[in-house]
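First up is the structure itself, then whatever we jot down about it.
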Amino acid sequence: MLVQNTLILIAFSVLRLVIARVNPRELRLSFLYPLTSKTESITVSLPFGSAFTVALDAINNNSTAYGFPFTKLTFLWNDTQSLETVALKAMTEHYNKGVDVFIGPGDENDCITAARMAAVWNIPIVSYFCTKDAVSNKALFPTFARTRPPNAQSSKSVLAILKRFDWRVVAVLYCNPALCTNDMGWLRTKKDMKNVFNAHGIKVSYEDILPQEHEKNKTRVILQEIKKKARIVILSASISYVQSFLVAAQRKGMTNGEYVYIINELTYEYLTFTSRDGWWEGMTGLHKDVAEKAFHSVLALVPRPYNRTKYARFEKHVIEKFKEYPFNNGKEQQIALYYSAYLYDAVYLYALAVNKTIAQGLDPKNGTAVFGNIRETSYQSITGFDVRVDKNGDAEFNMTLFSLQKNEREENEMLEVGELFIDSNGSQILELQKNKTLTWSDTGQTRVPADSPECGFNQELCPISKPTPEKDNSLTYLIVTLVICFALIVTISILLVIIYRKRKFEKELTKLTWKVNYSEIKFHTPAWKSSRTRPSIVNSISSFYGCSPRQLRNAHVGRYKATHVYVKKFERNQVEISRNELLELKQVYELHHNNLARFVGACVKPPHIYTLIEFCSRGSIQDIIMDDNIKLDSMFIRSLVADIVEGMIFLQSSEIKIHGNLKSSNCLVDGRWVLKITDFGLWSLKNEPKKREAKELLWTAPEMLRSGEESATQKADVYSFAIILQEMETRTPPFYEYCLDVEEIIDRVKVTNSKNPFRPKVAPASKFDDLCMLMTSCWSEDPDGRPSFQEIKKIIITLQGGKKENIVDKVIYLLEDYSSHLEDLVKERTEQWMEEKKKTEELLHNMLPKSVADQLIAGLPVKADYFEEVSIFFSDIVGFTPFCSLSSPLQIVNFLNDLYTLFDSVIAHYDVYKVETIGDAYMVASGLPIRNGHEHARHIADMALDLLHAQKKFVIRHRPNEKLELRIGIHSGAVCAGVVGIRMPRYCLFGDAVNMASRMESTGEALKIHISKEAKSYLDRFGVYDITERGNILLKGKGHVVTYWLNGRTPRDQMTCLSPRATTAKSVSGEDDSVS
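The sequence shown lines up with residues -20 to -1, 1 to 1056 when you count with mature numbering (1 follows the signal peptide of the UniProt record, and there is no 0).
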C-alpha cells in the first residue's frame, strides 16, 4: 500500500511538471528604477535600466535553452525618482496588482525600507544596487537577496591574501568618509574587515583614516606609527586616494621590501586606465616617478575584468534597448555601466530560483521559499564568470590580484598575477599564476616580506649583542679620502654648469622677447560670440560687478600681429624695468598651458603702459552667468570647473606659485569653450598706488582681508575658487542673496568665526549637491582645512564616477542641443538640427522637383532645360463658377483641399510631376525633369483614367447630393522647363505644348478625356487603350484640328496596366512623390 501511494505521488508530481512546461506560468515583476531624480544620480546621468528588458527578452525568448521552462515574465515599473516615499508608494501599488517579485530599488536610501516591506508581504526582493550591510540580517529581511556585492564581501578576499602569505598582523587605513563621496562605505568596510580578521586570528595592530595629500604632518605621524606596529598595510580606498600616501612611504624608505600595501579597490575604475601609468595618474614630476617605484610594494585587489566578447554583445543590446520605451529619457547612450550587469543578473538569478521553486511544487510568491533557492548557490553572470551567493543572499566579489610586473616592452606595468576562487567549503582562496614572479621592492626582491620584524617591533625577540673589538681603520681612511676627492670633482662640475646656465639665463633675460611696440597695436570693437543677456536682472548684476557684459576691467580689444588680444592698461605713469620685473615678465611670457590665457607681451614705454593678453571671444565666467541663453547644466559646469582646477594646478606648480586675485572675471572662455585663467603674476608691475575697490575683494580669502595681499597663499586661491563655484551654481554675483552693501559683506567675512563663518548661501536642494559639498570645504575658515587643487581634481573625478570628460565633447553636446536661430548659440543635439534640415529640404521638395531642389541646396545654378517629348494633363471642374456663388469661401477652400488631396494620392503612384493648381485647374506633366522615354504618355493616360474613376466616388461635404464633373485634356509635345523667380520660386513649363494641352481641356466635355493627335500617336505604340475619333474641332490659334476621346484601357490590358511605382519609373517616381 505504501509503495502504491508513493508511485501515485511521483506520477502526480511528474504530471504537474509536464503541465507546467506546456503551459508556463506568467509571473509579474515589479521593477523599481529612478529614471529621473532631483539630485545627481548615476541612474540618471548614465542610465542602465534597459538591461532589465534585455534580461526579460533573453529569458522569455530562450526559456528552454536558459533552463526556465516553467515561467513567462512580464513586468510593471515605476520611476522612483530617488525618493523613498515614491518608491514605497510604487511597491504598494504593484503589490495590490499581484506582482510576484520586486527587482530593486535603484537607490541606497530606499533599500532597507523596501526590504522590510517585502518581508512583511513575504514577497521575494532582489536588489541590483543596494550595498547596505543591515539587509544581510535574515532574521529581519528573510526575502532579500542582491547581485551587487556589499562591501563586507571584500573582507573575504583580503583574508584569502593574508592566509596565502601567512600574514597575521596588519594595519588598516580607510578613506575619509567625508571626502570619499561615492557610494563605497569605506568606514563600514574597515569594520567588516576587523570582524572577519579577528574571527580568523589576524590582529589589526593599527587603524586610522587615510591622510590627504596636503596633510603632511598627519602622514608622517601615521607612517611612524606603522613602523612601530605593522609591516602589512591594507589601504581601503579607491586607487586615486592612495597615490600620495605611497609617495610619502617611498620617501620614508618604507617600500624597501619589508612592507606590503594591499589596495582594496571595490570599483571598476582601473578598467578606465588608458595607459600603464593609469595606476599613478594625477601625480606630476617627481611624484609620478616615486609613485611608480612605490608600486613595487603594492598588491592591488580589484574586481575581475569582464569577458569582453560576451559583455560587448550584452552592452550593445542594452544600448539598443535604451532607445525604446520606457527607459529612453531623451539622451543618447554610448556605454553601459557595470551596474547593467548587476541588474541583468538580478532578473536572471530570480528566474533560476523561481523555476526551482515551481519545480518543487511551492508557491512562487512565497518569498522565503524563493530565497531558499537563491542562498548558497552559484550562477553564471552576464559578465562571463560564475558568481557565488552566500547564506545571506549576498553575491560575493570575484576579485583578481594585480602586481607591478615587466610587460612585453620591458616597462613596469600593473598586471594580473592571481585570481581568487571558492573552495569546497565556500571559502575564498588565492591562486597565483605560475609564470609570474612577485617582486616586493624596486630592487627586485622576491622574498615574501614578513608581517613583523625578525626581532619584533620593540627588539623583544633578539638578545643585546656584545661590543666587538676595534678593527684597523686604514682602509676606512682610504675610502673616505676617495669619497672626498670624488665629491670635490662633482661639486666643481656642478658649479661650472650652474655658472654657464646662469650666464645663459641672464643673456635670455636681456633679449626682451616679450616687448611690444605700441604702434603695432590696432584697437577695434570685437565681434562677440553672443551678446544677449537676461533683461530682468542684467542691470542689477552689471552694477554689482561694476562693469557691463563683455567688458574686461581697464582693458580694450585690439589686434597685434594678426592676433586678437586684450590690451590692459596699468594705472602707472612710468615703469622702471628692474631685474625683478624682467624675471616676472620672462616667467609669465614663457608660461604656456591650455587653461591659462597666454601672455602675448607688454608695452612699457610711457605714456603707453599696457599688457597684451590672449583674447577669448566668449568673455568671462561673469558674462556667461549674465547670459540667459547659455544653459549651465551640471555637465557644462563640471567642464568649466575642471578647467579652472587644471589651470590652477599648473600655475601653482610653476615658479609663480600663487594667483592671488582669482575671480570669475579673470576666468575667460574662448571660442572653443575652453576656460583660461588670466591676471596672474607680474606682481611688481601691479604694485598700484590706488587701493582696490571693495567689489573686487568679494573673492578674497578672509585671512587676506585681515592681513593684506602679502598674506596670499595657495589656500587663499582655493577660497576664491569656492566663491566662483557659488557664482556658477546660483548664476548670481557672490553674496548677492544677502542684499547688503559690499563694504558690510567684507566686514562680516573678516570676522573670525570658525563655527559659523559668513559665506554665500547654498541652496538646500541644489541640483549640484556634490559641487556644493566641495564648495563648502573649499571656503573653510581654516586655510589648512581646505583641500589643495590636486585633491580637488581627485574629488571631481570621483564625482564623475571615474569618467574623465573632454571639454570638446561637452561643447559638441551643447552644440547639438541648441537651435541654429539662437544667435550663434550651438545646438545640444545633432538630431534636432538634422530634423530641422530635413523639414527645410522637404518643404523645398514640395515646391520644386527633388533633382532641381538638390541642385539649389548644393549651391549649383539651375539652368532651363529643353525636353523633346512630354505629356501634359489639364483638368477643371464643370460648373465651378455657379458652384462657388452658392458656397461660402471657407466651404470652397475645404472642398478644393479634399479634392486635391484625393488627386495627390492618386498621382503619387505614377512618374508624373504636379506643376501647379490655380483655382479649379489642375496641371500635371510626365517626362520631366527626369526623362522617361515614351512612357510619359502611358503614365499620364493611366493617371487620367484613375482620376476620372476616383472623382465619381468623391463626396462634396457641404453638398453631398451633387456629383462632381471633371473635364480633362491631354497633349504630348516639346517644352522648355526651368526655375522662375527668387522669392517663392516655381518650376514652370513654357512652349506651345502647354497651350495645346490647355485647349484640349477647355474644348473637352464633362467626364471625358480629350486628347490630341500627338498624344494618340504615343498611346498607339502601346496598343492597350480604347481611343475613338472626335472629329475636326476649332481651336483658338490653331484652326481646325482632329482630336480624340480616351475611353479607357482595352479589356485584355486590365491586368497589365501600370501599378503603383511602375517598373519603368520606380527609380524616378520615388524622387517626385512629394513634389508640388
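For glycine and all other residues, C-beta sits at the position ideal for the given N, C-alpha and C.
Predicted, not measured: the structure shown is a model, and the values here were computed from it.
Counting only residues of its own chain and dropping the five nearest sequence neighbours on each side, Thr1008 has a CB closer than 7 Å to the CB of Tyr1024, Trp1025, Asn1027.
When the alpha-carbon of Arg126 is set against those of Leu562, Ile354, Ser760, the nearest one is in Ile354.
Straight across, the Cα-Cα distance linking Pro737 with Glu761 is about 7 Å. Straight through space, the alpha carbons of Tyr322 and Ser700 are spaced by roughly 42 Å. Phe225 counts as buried, since no fewer than 16 other beta carbons sit within 10 angstroms of its beta carbon. Rounded to the nearest angstrom, the Cβ distance from Lys183 to Val149 is 5 Å, consistent with a contact under 8 Å. Shown here for Phe715: same chain residues with a beta carbon closer than 7 Å to its own, the five before and five after excluded, namely Leu678, Ile725, Pro740 in chain order.
Judged by DSSP in its simplified three-state form, Lys988 adopts strand.
Each residue's CA atom was taken as its position, placing Arg598 and Lys656 some 11 Å apart.
Where Met708 is concerned, the enclosing alpha helix (DSSP H) starts and stops at 694 to 710.
Here the alpha carbons of Lys495 and Cys583 stand approximately 6 Å from one another. Looking at the DSSP output, Leu279 sits in a beta bridge with Ile242.
The closest CA to that of Ser851, considering only Ile857, Leu836, Lys894, is found on Lys894.
One alpha carbon belongs to Val892, the other to Trp653, and they sit about 51 Å apart. The residue from Ala467, Ile141, Tyr13 with its alpha-carbon nearest to that of Ser407 is Ile141.
Residue burial annotation: Asn641 is buried, with at least 16 other C-beta atoms found within 10 angstroms of its C-beta.
Residues of the same chain with a CB within less than 6 Å of the CB of Ala114, apart from the 5 flanking positions on each side, are Ile92 in chain order.
For the stretch 563 to 627, the full-length beta strand (DSSP E) segments reaching 3 residues or more read 579 to 585, 588 to 594 along the chain. Beta-bridge partners of Thr337 (DSSP): none assigned. Annotated three-state conformation of Asp922 is helix, per DSSP.
Around Pro841, the same chain offers no residue with a beta carbon nearer than 7 Å, after the five sequence neighbours per side are excluded. In this structure, the alpha-carbon of Glu245 lies about 42 Å from that of Asn609. Rounded to whole angstroms, the separation of the alpha carbons of Leu68 and Ala339 is 32 Å.
For the 9 Å CB-CB criterion, Phe109 and Leu9 do not form a contact.
Going by C-alpha positions, Asn236 is about 27 Å away from Asn156. Annotation for Glu635: Gln567 place their beta carbon closer than 8 Å to its own, counting only its chain and skipping 5 residues before and after. DSSP, read as helix, strand or coil, puts Thr380 in strand. Residue range 901 to 906 is occupied by the beta strand (DSSP E) that includes Met903. The residue among Gln192, Ala921, Ala280, Asp422 with its C-alpha nearest the C-alpha of Phe382 is Ala280. Within its own chain, the residues whose Cβ lies closer than 8 Å to the Cβ of Val832, once the five positions on either side in sequence are excluded, are Val842, Pro909, Val959, Tyr967, listed in chain order.
Cβ-Cβ distances below 7 Å link Ala930 to Leu882, Val886 in the same chain, with the five nearest sequence neighbours on each side left out; the list follows chain order. Here Phe55 has Leu9, Phe11 as same chain residues with Cβ atoms under 6 Å from its own Cβ, once five neighbours each way along the sequence are excluded. Judged by DSSP secondary structure, Gly640 falls outside any alpha helix (DSSP H); it is assigned neither H nor E.
DSSP places Glu388 outside both helix and strand once states are collapsed to three, so it counts as coil.
The Cβ atoms of Val282 and Ile242 do not sit closer than 9 Å to each other. Per the Cβ contact rule, the stretch 923 to 943 is in contact with the stretch 852 to 867 (3 or more Cβ pairs under 8 Å).
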